[in-house]
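Scroll down for the structure; my scribbles are underneath it.
See the structure below:
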């Protein structure tokens, strides 16, 4: 035997002789360790029926988009790679036309939550239940900045649902469990612990999310699937991995369920997500700033720029101020601020503690409204069904509230918003949900009733001229209603 082997054997003998009870102690130790480990079987049995496999298809005109830092097929330096989940060993051509992921049912009437990047720009979305039923899903709405997509399926009876928990109480070291479809393997269960909370990844497309970091093994296809705590409650949505290879390397990130459900309620009620905006640019506290400002430590967010006419400017915030607390919550680093502001309802007054000239001050700030994401998709918002004439145009419109009109630069009582595009002519004309219709032919439109009246006599073969506001610019678009086949 080699010397290292002999040493190990000797060590084992000495421990066995010294332990009280000899063999009994050696048997009891593993048994005690096993008893301390959680049993996940009950959580899986209870919740697996509410987890779904999501498949997004593309007809060739659009393709799944990989977003994030340096997204590219062979870029080994890519980090925070989105894992859409692809069929096992797909061909490159298949990858252009199909994307697989996971999701979970949040209400018995068929609402399903998943990631936006799983269904982004898809032409058709289907979900497969645990009982092998495959259902066509409607994309109710999406929010790319939170990476949330809300789907809806229609089935007779009630569907099984998950139990929604809350993510604020999560702490590093807690056990968590994921159920999803990595590489197309349905209902795969993996477990781990919460590694960290409040992770701001610094990615330009998701500044408003403080992620949950875990070491739960998740891979492509887990995107959009649920993250459970030991009580069997969903506390997060599996979204990203940190990887140089594209595969799991021990670091995964989930969207907090509190953030996701806030987005869900907004998508259900108005078809889009509104986020608060402070109107400042901030940076971290450098060592030089600690010296010059005579700070105890480098905590906080230093204001470098204040937007004109913003809530921050009106409250008296100035460049050079150091934000220490927002609405009672400490700001340890700049990334802590955007998620808190984003979850604040526009128009809310919140206290902010700042440091200026060595003195602590508390200012009341009225939070503004952040610009809406132009890539968001909406077919919700309680749209008012249009008349037969409007149906011929292939679009549905909804009213616009006063706050949104102001944000869009519209006058009071001006315009209606497109909430759904169902006709090919409207789609080919370049219209999309979120666009604002200001005029139909020569008639100004200020309400859904105005739109109904102006489109009442639209018939197949006729051409309607719309004045449309898109991304802050207005232009005329003509739609020729297709002839009946």
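In the working numbering, the protein residues as written are -7 to 477.
No residue lacks a Cβ here, since even glycine has one placed at the ideal position from N, Cα and C.
Quick check: what's the CA-CA separation for residue i versus residue j?
i, j, result
"residue 383", "residue 336", "37 Å"
"residue 439", "residue 389", "9 Å"
"residue 227", "residue 206", "12 Å"
"residue 154", "residue 285", "50 Å"
"residue 318", "residue 450", "53 Å"
"residue 100", "residue 457", "42 Å"
"residue 170", "residue 50", "27 Å"
"residue 223", "residue 396", "40 Å"
"residue 111", "residue 140", "10 Å"
"residue 410", "residue 398", "17 Å"
"residue 333", "residue 192", "14 Å"
"residue 328", "residue 360", "18 Å"
"residue 305", "residue 271", "8 Å"
"residue 353", "residue 326", "19 Å"
"residue 148", "residue 46", "20 Å"
"residue 278", "residue 199", "21 Å"
"residue 433", "residue 418", "15 Å"
"residue 179", "residue 172", "5 Å"
"residue 414", "residue 267", "28 Å"
"residue 403", "residue 102", "38 Å"
"residue 428", "residue 259", "18 Å"
"residue 460", "residue 368", "18 Å"
"residue 297", "residue 312", "9 Å"
"residue 331", "residue 452", "48 Å"
"residue 276", "residue 189", "19 Å"
"residue 467", "residue 231", "38 Å"
"residue 42", "residue 339", "37 Å"
"residue 273", "residue 299", "8 Å"
"residue 387", "residue 471", "11 Å"
"residue 465", "residue 113", "23 Å"
Name the residue from the options whose alpha carbon lies nearest to the alpha carbon of residue i.
i, options, result
"residue 486", "129, 317 and 342", "Outside the displayed span of the chain (-7 to 477) sits residue 486, for which this structure offers no information."
"residue 181", "150, 219 and 160", "219"
"residue 201", "135, 163 and 296", "135"
"residue 138", "148, 420, 146 and 109", "109"
"residue 131", "235, 419, 198 and 105", "105"
"residue 262", "47, 445, 430 and 364", "364"
"residue 94", "251, 217, 239 and 448", "217"
"residue 301", "313, 127 and 269", "269"
"residue 349", "430, 282 and 338", "282"
"residue 185", "199, 204 and 179", "204"
"residue 462", "405, 156 and 423", "423"
"residue 158", "415, 251 and 418", "251"
"residue 30", "199, 404, 127 and 221", "221"
"residue 156", "254, 177, 126 and 122", "254"
"residue 215", "189, 176, 416 and 187", "176"
"residue 121", "464, 150, 133 and 391", "150"
"residue 288", "260, 401, 42 and 347", "347"
"residue 448", "459, 435 and 460", "435"
"residue 183", "276, 242 and 460", "242"
"residue 320", "297, 307, 311 and 344", "344"
"residue 125", "133, 146, 142 and 113", "146"
"residue 264", "460, 142, 48 and 469", "142"
"residue 307", "296, 257, 274 and 358", "358"
"residue 290", "273, 299, 322 and 303", "322"
"residue 98", "160, 33, 229 and 92", "229"
"residue 430", "416, 420 and 391", "391"
Report back the beta-carbon spacing between residue i and residue j to the nearest angstrom; my notes put them in contact at under 8 Å.
i, j, result
"residue 293", "residue 309", "Actually they are not in contact, since the Cβ atoms of residue 293 and residue 309 sit about 11 Å apart, beyond 8 Å."
"residue 234", "residue 211", "Not a contact, Cβ separation roughly 13 Å."
"residue 445", "residue 473", "That pair is no contact at about 17 Å."
"residue 96", "residue 44", "7 Å"
Please tell me whether residue i has its Cβ less than 8 Å away from any Cβ of chain D.
i, result
"residue 29", "Although the question refers to chain D, the structure presented lacks it and comprises just one protein chain."
**Q.** Length at least 4, wholly inside the region 419 to 474: the alpha helix (DSSP H) runs in chain order
**A.** 440 to 447
Q: Answer yes if the region 109 to 128 comes into contact with the region 243 to 251, meaning at least three C-beta pairs across the two stretches below 8 Å, and no otherwise.
A: no
(Q) Does the contact criterion of 3 or more C-beta pairs under 8 Å hold for the region 156 to 167 versus the region 36 to 43? (A) no
Q | 4 or more residues per run - each alpha helix (DSSP H) lying fully within the region 80 to 148 | A | 84 to 87 and 108 to 111
Q) Which ranges does the beta strand (DSSP E) cover as unbroken runs of at least 3 residues, wholly within the region 164 to 228, from first to last along the chain? A) 167 to 172, 180 to 191, 203 to 206 and 218 to 220
Q | Complete alpha helix (DSSP H) runs within the region 254 to 299 (minimum length 4 residues, chain order) | A | 279 to 285
Q. In chain order, which continuous runs of the beta strand (DSSP E) of length 3 or greater are located wholly inside the region 314 to 393?
A. 314 to 318, 341 to 348, 351 to 358 and 387 to 390
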